[in-house]
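> At position 12 of the sequence shown the residue is numbered 679 (the numbering used here), and the sequence of numbers has no breaks.
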Amino acid sequence: MAMPSQDSERRSRHSSARRGRHGGVDATANFGRGFQALGDLAVDGVQVSARATDLVTGRVLFSVDDHVVMPTAGIGTVLLLIEVAARLRDADFGAYTILDRTVSDSVAGSGLWQHLQAPSLPIADLAALIGAINDNLATNVLLRAVGLDAVRSRAEQLGLSRTALLDLVRDRRGPDDAPQLSVGSAKELTWLFTALARGEVVDAEASERVLGWLSLGADLSMVASAFGLDPLAHRSGDHGLLLVNKTGTDAGVRSEIGILRGPRAGVTYMVSMSFADTRLSSRLAVLDGMRAVGLDLLEYVH
Numbered sequence: 668m669a670m671p672s673q674d675s676e677r678r679s680r681h682s683s684a685r686r687g688r689h690g691g692v693d694a695t696a697n698f699g700r701g702f703q704a705l706g707d708l709a710v711d712g713v714q715v716s717a718r719a720t721d722l723v724t725g726r727v728l729f730s731v732d733d734h735v736v737m738p739t740a741g742i743g744t745v746l747l748l749i750e751v752a753a754r755l756r757d758a759d760f761g762a763y764t765i766l767d768r769t770v771s772d773s774v775a776g777s778g779l780w781q782h783l784q785a786p787s788l789p790i791a792d793l794a795a796l797i798g799a800i801n802d803n804l805a806t807n808v809l810l811r812a813v814g815l816d817a818v819r820s821r822a823e824q825l826g827l828s829r830t831a832l833l834d835l836v837r838d839r840r841g842p843d844d845a846p847q848l849s850v851g852s853a854k855e856l857t858w859l860f861t862a863l864a865r866g867e868v869v870d871a872e873a874s875e876r877v878l879g880w881l882s883l884g885a886d887l888s889m890v891a892s893a894f895g896l897d898p899l900a901h902r903s904g905d906h907g908l909l910l911v912n913k914t915g916t917d918a919g920v921r922s923e924i925g926i927l928r929g930p931r932a933g934v935t936y937m938v939s940m941s942f943a944d945t946r947l948s949s950r951l952a953v954l955d956g957m958r959a960v961g962l963d964l965l966e967y968v969h
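#1: When the Cα atoms are used, what is the spatial distance from ASN697 to LEU947?
#2: Under the rule that 16 or more other beta-carbon atoms within 10 Å means buried, what is ALA694, buried or exposed?
#3: When DSSP labels each residue in this structure, what does ARG950 get in the three-state scheme?
#4: Can the beta-carbon of GLY961 be found closer than 8 Å to that of GLY884?
#5: Check for me: the alpha helix (DSSP H) holding ARG819 runs from which residue to which?
#6: Do the stretch 850-870 and the stretch 934-941 make contact, defined as three or more Cβ pairs closer than 8 Å?
#7: When you compare each of ALA831, THR945 and ALA932 to LEU964 by their alpha carbons, which one comes out closest?
#8: In angstroms with no decimal places, state the Cα-to-Cα distance between ARG950 and GLN781.
#9: Judging by CA-CA distance, which residue of MET957, LEU832, VAL877 and VAL920 is the nearest neighbour of SER998?
#10: Kindly identify the DSSP beta-bridge partner or partners of SER922.
#11: Between LEU722 and ARG902, which are expected to be in contact by the criterion C-beta below 8 Å, what is the C-beta distance as a whole number of angstroms?
#12: What ranges does the beta strand (DSSP E) occupy inside the stretch 736-787, keeping only unbroken runs of at least 3 residues that lie completely in it?
#13: Between VAL751 and ALA794, is the Cβ-Cβ spacing less than 8 Å?
#14: May I have the straight-line CA-CA distance separating THR914 from ARG811, to the nearest angstrom?
#15: When you compare only the Cα positions, how much space is there between GLY879 and LEU910?
#16: Using 8 Å for Cβ pairs, my map puts GLY919 next to ALA952. What's the rounded Cβ distance?
#17: On the CB-based measure, 16 or more other CB atoms within 10 Å of its CB, does TYR967 come out buried or exposed?
#18: Along the beta strand (DSSP E) that carries VAL791, what are the first and last residues, could you check?
#19: Quick one: what does DSSP say ASP729 is sitting in, helix, strand or coil?
#20: Going by the DSSP bridge assignment, what does LEU927 pair with across the sheet?
#21: Does the structure place the stretch 735-742 close enough to the stretch 864-873 that three or more beta carbon pairs sit under 8 Å?
#22: Report buried or exposed for THR806, applying the criterion of at least 16 other Cβ atoms within 10 angstroms of its Cβ.
#23: Counting C-beta neighbours from all protein chains within 10 Å, is the total for ILE765 16 or more, i.e. buried, or is it exposed?
#24: I'd like to check one pair, GLY895 with ALA831: are the Cβ atoms closer than 8 Å?
#25: If we define contact as Cβ-Cβ less than 8 Å, is VAL735 a contact residue for chain C?
#26: In the structure shown, what three-state DSSP assignment does SER682 receive?
#27: Within the continuous beta strand (DSSP E) that includes ALA719, where are the two ends?
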């Protein structure tokens, strides 16, 4: 019989330690595949943070360094959407109020509006673009309209101390710019999404608006890749599954927050990874690890 290598023993010890430190017996039983995958990634130098809670009971199902502040890229725009939803009751900031894009708003990367001819769009349409495809141009236009200070103030009112939208979207970040678009902790963000699901963020109407925009999300490349849903059409139940999620992607960053409901249960989850994106194999390993967590979540709810 072949003896295990030192590397495999090290991985095993690390994975066991993580399971023992961060999860109870039930969590280990239900999420062993995810713990193993994230433990292996951590051994390889990936910074990992994750959390999953039962949507009804609030019980923590899965937790790995969920207090750590991580770069979350586009996930921070959820805070912008919350501020926009709260303001839509104002007569001068209604859903049909038209906003113009300017040269200073221009940015490449994710999004559709930069490829369209329309120079102006209603506020609600811009919010839908952000929820659906993390539209960078729409983000900058809406952020200019409401102000970054207002978004930060809203986050503070919600009791968020480790989660923030730090800046507008930039093609390049200089020494005088915030180092990240946004940061957050899995613990705070899973709480926020649970509160949205319960209609407790600002009020029930605002919470419903935000969830409606997020339900358009087309990025199912990370944790949600395990759910078997149509990326372009999953707002109605599919095999008993309902998903609302938001992803964040940047160089060396992959992050996803979401709510998954199934026939047996519902969960709020978040997985964030920060890694050296120098090889394609490293990125693919991170995505495989996120999918492993997704498979465990699917088994829990379905």
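By construction, the Cβ of each residue, glycine as well, lies at the ideal position given by its N, Cα and C atoms.
Per the coordinate set shown:
#1: In a straight line, the C-alpha of ASN697 is about 30 Å away from that of LEU947.
#2: Unreliable placement is indicated for ALA694, whose pLDDT of 48 sits below 50; the coordinate value is still reported in the next sentence. Around the beta carbon of ALA694, 16 or more other beta carbons sit within 10 angstroms, so the residue counts as buried.
#3: ARG950 sits in a helix when the DSSP states are folded into three classes.
#4: At the C-beta level, GLY961 and GLY884 stay beyond 8 Å of one another.
#5: 815-824 is the span of the alpha helix (DSSP H), which, as asked, contains ARG819.
#6: Using a Cβ-Cβ distance cut-off of 8 Å, the stretch 850-870 and the stretch 934-941 are in contact, since at least three pairs of beta carbons, one from each stretch, lie closer than that value.
#7: LEU964 has its Cα closest to that of ALA932, out of ALA831, THR945 and ALA932.
#8: C-alpha separation (whole angstroms): 27 Å.
#9: The question about residue 998 has no answer, for the chain in this structure spans 668 to 969.
#10: DSSP lists GLY915 and SER939 as partners of SER922.
#11: Taking the Cβ atoms as the reference, LEU722 lies roughly 18 Å from ARG902, outside the contact range of under 8 Å.
#12: Scanning the stretch 736-787 from its first residue to its last, the whole beta strand (DSSP E) runs of 3-plus residues come out as 765-767.
#13: At a Cβ-Cβ threshold of 8 Å, VAL751 and ALA794 count as neighbours.
#14: Computed Cα separation, rounded: 22 Å.
#15: Their Cα atoms are separated by approximately 11 Å.
#16: Your pair GLY919 and ALA952 does not check out as a contact, with CB atoms roughly 13 Å apart and the cut at 8 Å.
#17: Burial call: buried.
#18: Residue identity differs from the one stated: residue 791 is Ala in this sequence, not Val. From DSSP, ALA791 is part of no beta strand (DSSP E) but of the alpha helix (DSSP H) over 790-800.
#19: Note on identity: in this sequence residue 729 is Phe, with Asp being the wrong assignment. DSSP places PHE729 in strand when its eight states are reduced to three.
#20: Answer is LEU910 and VAL934, bridged to LEU927.
#21: Touching, no.
#22: Burial call: buried.
#23: With fewer than 16 other Cβ atoms from the protein chains shown falling within 10 Å of its own Cβ, ILE765 counts as exposed.
#24: For ALA831 and GLY895, no; Cβs fall outside 8 Å.
#25: The question asks about chain C, but that chain is absent: this structure has only one protein chain.
#26: Note that SER682 scores a pLDDT of 40, beneath 50, so its modelled location is shaky and nothing firm can be said.
#27: For ALA719, the uninterrupted beta strand (DSSP E) run begins and ends at 714-721, by DSSP.
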